[in-house]
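Asker:
2 protein chains.
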Amino acid sequence: MAATILDVAKLCGYSKTTVSRAFASPELVTEKTREKIYRAAKALNYTPDAIARAMVRGRTDNIGFIIYEKQYPVVLNPFYSPIFESVLQTCSQKGYSLFISSDRELRLPNGQACVKKQMDGVILAGHSDEQIVTDLRRQNMPVVLLNNALDMEDLLCVTTDQYGGAALAVEHLVERGHRRIGLLAGNFSPHVYLSRYSGYCDVLQKHGLKIDGRLIRSIEPTVEQAIAGAAELLSMEDRPTALFCTNDTIAIGAMKAAIRAGLRIPADLAIVGYDDSENSRMIEPELTTVRVDKTAMGAIAAEHLIAQIEGEPPRKEVIQTAVELVVRETT
Amino acid sequence: MAATILDVAKLCGYSKTTVSRAFASPELVTEKTREKIYRAAKALNYTPDAIARAMVRGRTDNIGFIIYEKQYPVVLNPFYSPIFESVLQTCSQKGYSLFISSDRELRLPNGQACVKKQMDGVILAGHSDEQIVTDLRRQNMPVVLLNNALDMEDLLCVTTDQYGGAALAVEHLVERGHRRIGLLAGNFSPHVYLSRYSGYCDVLQKHGLKIDGRLIRSIEPTVEQAIAGAAELLSMEDRPTALFCTNDTIAIGAMKAAIRAGLRIPADLAIVGYDDSENSRMIEPELTTVRVDKTAMGAIAAEHLIAQIEGEPPRKEVIQTAVELVVRETT
DNA sequence: TAATTAAATGAGAACGTTCTCTTTTCTGCT
DNA sequence: AGCAGAAAAGAGAACGTTCTCATTTAATTA
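Dropping the structure here:
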């Protein structure tokens with residue numbers, strides 16, 4: 001039905017090889033020839049078939065992006081969105097397209113994981129497990145981990161300093177003179193949860209502050225849950241004077257709870273969030289939060305994956321992008 | 001290097017045809033045989049090659065999603081995110097993967113648009129032009145438009161009732177007794193901009209209210225620009241008592257300007273946004289806004305495209321998803 | 001102008017599947 | 001046991017490119 005390279009060749013009188021070249025590497029073909037070929041192609045509505053191309057070249061110039069997070073949908077997630085955007089941009093710059101996959105698509109009828117689903121390499125974001133990584137690599141599929149760290153040979157992981165970020169936030173609250181600092185922790189993946197939790201605890205202890213279990217709430221990271229959790233905390237007779245929330249959505253919920261309880265922010269209650277998502281600047285007063293360099297995360301992951309695809313040997317490393325406290329109006 | 005179907009066939013003693021069947025349509029193969037084949041495949045780390053598969057089947061089970069918006073990056077965009085998510089989900093359900101492309105990738109060296117970039121159909125979101133659609137269809141590529149309407153034969157467009165949504169918002173403000181209603185309009189695509197603008201004007205006129213050019217500001221849809229624009233409006237001696245903002249980001253900027261000017265919302269200034277984005281519920285007080293059914297938009301676009309891919313003839317239609325006023329606390 | 005080199009073009013195999021058609025094996029029934 | 005009919009398995013072409021290598025044409029030099 002659709003015209004192939006052969007039809008074009010026939011029409012313009014050149015060989016299919018030359019036609020192929022006119023599209024794939026125009027510089028190898030005389031301008032005059034090129035013109036003729038393009039004209040013929042246009043007349044036939046010919047367009048090179050990327051699949052056939054990928055088949056013979058053994059590469060697709062596609063990269064897969066797979067998120068393993070149960071909590072949120074993929075793209076709505078305010079944490080992954082900017083990362084995704086950055087990955088997309090880097091890939092686009094280097095001539096790669098991006099493919100979104102869910103875990104489901106990776107399964108063969110025999111249970112093996114597989115992404116011969118036309119891509120040259122894969123970014124696994126979130127809490128993927130070792131099995132997946134092993135399966136993929138057995139198929140010679142380059143892999144890079146994003147926002148997760150697995151201790152495997154030749155595996156590059158791009159994360160942030162979860163512990164350090166939490167420590168930064170709590171340290172800041174202690175500096176401002178707070179002694180009763182609550183923790184509103186989203187139940188993220190174990191790696192994330194534990195790192196931030198330890199950051200919180202260690203800083204308190206370092207300053208001789210007691211860790212009070214009653215000031216710690218573990219919740220689903222939604223605004224509603226955060227409002228409920230914060231409300232409980234704020235209704236205690238010796239309520240915390242500051243809250244560290246392990247992401248901005250939770251922090252925003254906490255702010256709402258505070259405002260509704262008639263507390264002024266930051267005078268009556270200081271709040272620090274985590275992620276520096278878009279929302280943190282939307283809310284009034286603007287949220288003090290921990291910024292993680294998501295653009296860097298995306299770019300680094302994409303760049304390393306592409307390097308690997310293009311022949312560089314994979315190496316074992318955990319790259320931690322910078323965290324930074326952004327002091328705004330809630331502290 | 002990597003094992004092919006032939007290697008597996010040789011190892012397990014079956015023909016390549018049977019091995020192919022074991023993966024592509026397991027029900028056509030005895031369980032015993034299947035077991036043996038899977039075992040051999042595992043031993044060789046064999047995985048079917050999707051490219052070769054796509055080549056012979058003439059289809060890829062991939063769908064392209066292309067956004068034409070200059071204003072925002074693709075995914076960060078609070079308007080497109082939920083749509084994208086919905087498209088992703090629908091595709092995934094129906095066995096399709098999603099491909100993100102930018103305009104750039106569609107161009108051949110000869111200037112033609114082209115997405116033989118391994119996909120079976122394309123969703124064009126935002127202000128794509130007729131040329132693109134024509135080019136793609138010449139290549140027998142099924143196309144559906146999202147958030148845009150072009151008057152072309154057999155072209156299905158999924159949009160929302162831009163005019164009606166704006167009318168709903170302004171009507172609501174009039175009902176609450178406002179006579180001086182300002183318009184803070186983001187400079188979106190002509191289609192969107194004009195529809196919402198006319199909605200605003202028509203409702204005012206319908207109620208015998210004069211359209212005052214000084215109450216209308218056209219801005220880039222960013223928080224900063226919105227703050228500046230709203231601040232100007234609010235500093236007039238006969239300032240508006242209500243603002244219709246053509247998206248939530250602008251509305252949030254307006255809220256910030258109002259709060260900073262010491263105005264109470266909604267007592268001193270009522271505000272209505274547009275889109276019902278995540279942020280509208282984040283801010284305090286929560287924003288009254290026009291909800292567009294983005295989930296439906298994404299799902300409908302994806303479903304129609306898939307139907308077309310699977311053989312249904314394309315038809316000309318503009319499907320407008322519901323708009324609805326969500327009254328919250330700012331009016 | 002002839003000889004040499006570079007540039008442009010062409011021929012044909014190869015990529016790894018699935019599809020159609022054919023052959024073989026199995027199942028159930030008389 | 002014999003036979004029909006169904007189920008399972010196999011043979012070989014086909015999909016539309018690009019790649020390597022060979023050939024022709026053009027450009028450069030002596």
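Chains as they are written, first to last, in the working numbering: chain A, 1 to 331; chain B, 1 to 331. Ideal Cβ placement from N, Cα and C applies to all residues, glycine included.
1. Taking V144 of chain A and V133 of chain A to be in contact with their CB atoms under 8 Å, please state how far apart those CB atoms are, rounded to whole angstroms.
2. For my contact list, G182 of chain B and Q308 of chain B are in at a C-beta cut-off of 8 Å; report their separation, rounded to the angstrom.
3. May I ask you to verify whether the region 207-216 of chain A touches the region 263-271 of chain A, counting CB pairs closer than 8 Å and requiring at least 3?
4. By alpha-carbon positions, which one of A:P313, A:I300, A:T47, A:E171 ends up nearest to C91 of chain A?
5. Excluding the 5 residues flanking D7 of chain B on each side, which residues of the same chain have their C-beta closer than 6 Å to its C-beta?
6. Out of B:E220, B:L173, B:V192, B:E232, point me to the one whose CA is closest to G162 of chain B's CA.
7. What runs of the beta strand (DSSP E), each 3 residues or longer, lie entirely inside the region 189-235 of chain B?
8. Can you tell me whether M297 of chain A is buried or exposed, with buried defined as 16 or more other CB within 10 angstroms of its CB?
9. Against chain A, which members of the region 292-313 of chain B pass a CB distance test of less than 8 Å?
10. Quick check for students: name the residue ranges of the beta strand (DSSP E) that lie wholly in the region 127-169 of chain A, counting only runs of 3 or more.
11. The alpha helix (DSSP H) with A322 of chain B in it runs from where to where?
12. At the 8 Å Cβ level, is S235 of chain A part of the contact set with chain B, yes or no?
13. By how many angstroms is the C-alpha of V327 of chain B removed from the C-alpha of V203 of chain B?
14. List, in order along the chain, the chain A residues whose C-beta lies closer than 8 Å to that of N147 of chain B?
15. Measure the C-alpha to C-alpha separation of G177 of chain A and V170 of chain B and round it to an integer number of angstroms.
16. Could you pull the DSSP bridge partners for L124 of chain B from this structure?
17. Taking L420 of chain A as part of the alpha helix (DSSP H), name the residues at either end of that continuous run.
18. Note down the Cα distance separating G253 of chain A from I271 of chain B, rounded to an integer number of angstroms.
19. Applying the criterion that 16 or more other CB atoms from any shown protein chain within 10 Å of the CB defines a buried residue, is N62 of chain A buried or exposed?
20. If contact is defined by three or more beta carbon pairs under 8 Å, each pair taking one atom from either stretch, is the region 281-289 of chain A in contact with the region 219-238 of chain A?
21. Find out if the Cβ-Cβ distance for the pair A257 of chain A, I306 of chain A is shorter than 8 Å.
22. Return the Cβ separation of G165 of chain B and Y274 of chain B in integer angstroms, given the expectation that the two are a contact with Cβ distance under 8 Å.
23. Look at C12 of chain B and K36 of chain B and say whether their C-beta atoms are less than 8 Å apart.
24. For the region 15-91 of chain A, list the alpha helix (DSSP H) runs that are entirely contained and at least 4 residues long, ordered along the chain.
25. Is M152 of chain B close to chain A? Criterion is C-beta to C-beta, closer than 8 Å.
26. Would you mind telling me which residues of chain B sit closer than 7 Å to N247 of chain A, beta carbon to beta carbon, in chain order?
27. Quick one: is F188 of chain A near chain B, going by C-beta distance under 8 Å?
28. Can you give the beta carbon distance from A149 of chain B to V318 of chain B, rounded, assuming they're within the 8 Å contact cut?
29. Compile a chain-ordered list of the residues in the region 123-145 of chain B whose CB is closer than 7 Å to at least one CB of chain A.
30. Can you tell me whether DSSP reads D276 of chain A as helix, strand or coil?
31. What three-state label does DSSP hand I100 of chain B in the structure shown?
32. Suppose you measure from the CA of I131 of chain A to the CA of A251 of chain B; what does that come to, to the nearest Å?
33. Can the beta-carbon of L243 of chain A be found less than 8 Å from the beta-carbon of L184 of chain A?
34. Check the Cβ-Cβ distances between K256 of chain A and every residue of chain B, and say whether any is below 8 Å.
35. Assign G186 of chain B to one of three DSSP states: helix, strand, or coil.
36. Chain A partners of Q118 of chain B, CB-CB under 8 Å?
Answerer: The relevant details are as follows:
1. The count along the first sequence starts at 1 and reaches residue 144 of chain A at position 144. The count along the first sequence starts at 1 and reaches residue 133 of chain A at position 133. That belief does not hold up - the Cβ atoms of V144 of chain A and V133 of chain A are roughly 10 Å apart, past 8 Å.
2. Residue mapping note: residue 182 of chain B aligns to position 182 of the second sequence, counting from 1. Residue mapping note: residue 308 of chain B aligns to position 308 of the second sequence, counting from 1. Going by Cβ atoms, the distance from G182 of chain B to Q308 of chain B rounds to 43 Å, so no, they are not a contact pair.
3. no
4. Translated into the one-based positions of the first sequence, residue 91 of chain A becomes position 91. Of the listed residues, the one whose Cα sits closest to C91 of chain A is A:I300.
5. Reading the second sequence from its first residue, position 7 is the one you call residue 7 of chain B. Only L44 meet the Cβ criterion.
6. Locating residue 162 of chain B in the second sequence gives position 162, counting from the first residue. Contrary to the premise, residue 162 of chain B reads as Gln rather than Gly in this sequence. Selected option, being the one with the closest Cα: B:V192.
7. 216-219
8. One-based indexing of the first sequence puts residue 297 of chain A at position 297. Result: buried.
9. none
10. 143-146, 156-160
11. Within the second sequence, the letter at position 322 stands for residue 322 of chain B. Looking at the DSSP string, A322 of chain B is not in any alpha helix (DSSP H), and its letter there is neither H nor E.
12. In the first sequence, residue 235 of chain A corresponds to position 235, counting from 1. No - not a single Cβ of chain B is within 8 Å of the one on S235 of chain A.
13. Counted from its first residue, the second sequence places residue 203 of chain B at position 203. Counted from its first residue, the second sequence places residue 327 of chain B at position 327. So the alpha carbons of these two residues sit roughly 18 Å apart.
14. Locating residue 147 of chain B in the second sequence gives position 147, where the first residue counts as 1. None at all; the shortest Cβ gap to chain A is about 16 Å.
15. Residue numbering aside, residue 177 of chain A sits at position 177 when the first sequence is read from its first letter. Residue numbering aside, residue 170 of chain B sits at position 170 when the second sequence is read from its first letter. Cα-Cα distance, rounded: 48 Å.
16. Here residue 124 of chain B refers to the residue found at position 124 when the second sequence is read from its first residue. For L124 of chain B, which the question treats as bridged, DSSP gives the partners B:I66, B:L145.
17. What is shown of chain A runs 1 to 331, which leaves residue 420 of chain A out entirely.
18. Your numbering for residue 253 of chain A matches position 253 in the first sequence. Your numbering for residue 271 of chain B matches position 271 in the second sequence. Going by the C-alpha atoms only, they are around 22 Å apart.
19. Locating residue 62 of chain A in the first sequence gives position 62, counting from the first residue. Label assigned to N62 of chain A: buried.
20. no
21. Residue 257 of chain A sits at position 257 when you count from the first residue of the first sequence. Residue 306 of chain A sits at position 306 when you count from the first residue of the first sequence. Result no, Cβ atoms of A257 of chain A and I306 of chain A do not sit closer than 8 Å.
22. As a first step, residue 165 of chain B is located in the second sequence; it is residue number 165 there, counting from the start. As a first step, residue 274 of chain B is located in the second sequence; it is residue number 274 there, counting from the start. The pair is a contact, with the Cβ atoms about 6 Å apart (cut-off 8 Å).
23. As a working mapping, residue 12 of chain B is identified with position 12 in the second sequence. As a working mapping, residue 36 of chain B is identified with position 36 in the second sequence. Yes, they are a contact pair.
24. 16-24, 31-44, 50-57
25. Sequence index remark: in the second sequence, residue 152 of chain B carries index 152 (1-based). It does not; no Cβ of chain A falls within 8 Å.
26. To locate residue 247 of chain A, count along the first sequence from 1; it is residue 247. Chain B residues near N247 of chain A: none, gap ~13 Å exceeds 7 Å.
27. In the first sequence, counting from the first residue as 1, residue 188 of chain A sits at position 188. Cβ-Cβ to chain B under 8 Å: no for F188 of chain A.
28. Here residue 149 of chain B corresponds to residue number 149 of the second sequence, with the count starting at 1. Here residue 318 of chain B corresponds to residue number 318 of the second sequence, with the count starting at 1. About 5 Å; that satisfies the 8 Å criterion.
29. R138, Q139, N140
30. For this step, residue 276 of chain A is matched to residue 276 along the first sequence. The answer is coil: DSSP assigns D276 of chain A none of H, G, I, E or B.
31. As a working note, residue 100 of chain B is residue 100 in the second sequence. Reduced to three states, the DSSP call for I100 of chain B is strand.
32. Here residue 131 of chain A is taken as the residue at index 131 of the first sequence, counted from 1. Here residue 251 of chain B is taken as the residue at index 251 of the second sequence, counted from 1. Sequence check: residue 131 of chain A is Gln here, not Ile. Going by the C-alpha atoms only, they are around 47 Å apart.
33. On the first sequence, residue 243 of chain A is found 243 positions in, with the first residue counted as 1. On the first sequence, residue 184 of chain A is found 184 positions in, with the first residue counted as 1. Yes, Cβ-Cβ distance for L243 of chain A and L184 of chain A is below 8 Å.
34. The sequence position of residue 256 of chain A within the first sequence is 256, counting from 1. Yes - at least one Cβ of chain B is within 8 Å of the one on K256 of chain A.
35. For the purposes of this step, residue 186 of chain B is taken as the residue at position 186 of the second sequence. G186 of chain B: strand per DSSP, three-state reduction.
36. Numbered from 1 along the second sequence, position 118 holds the residue referred to as residue 118 of chain B. The answer, in chain order, is A50, I51, A54, T60, N62, Q118.
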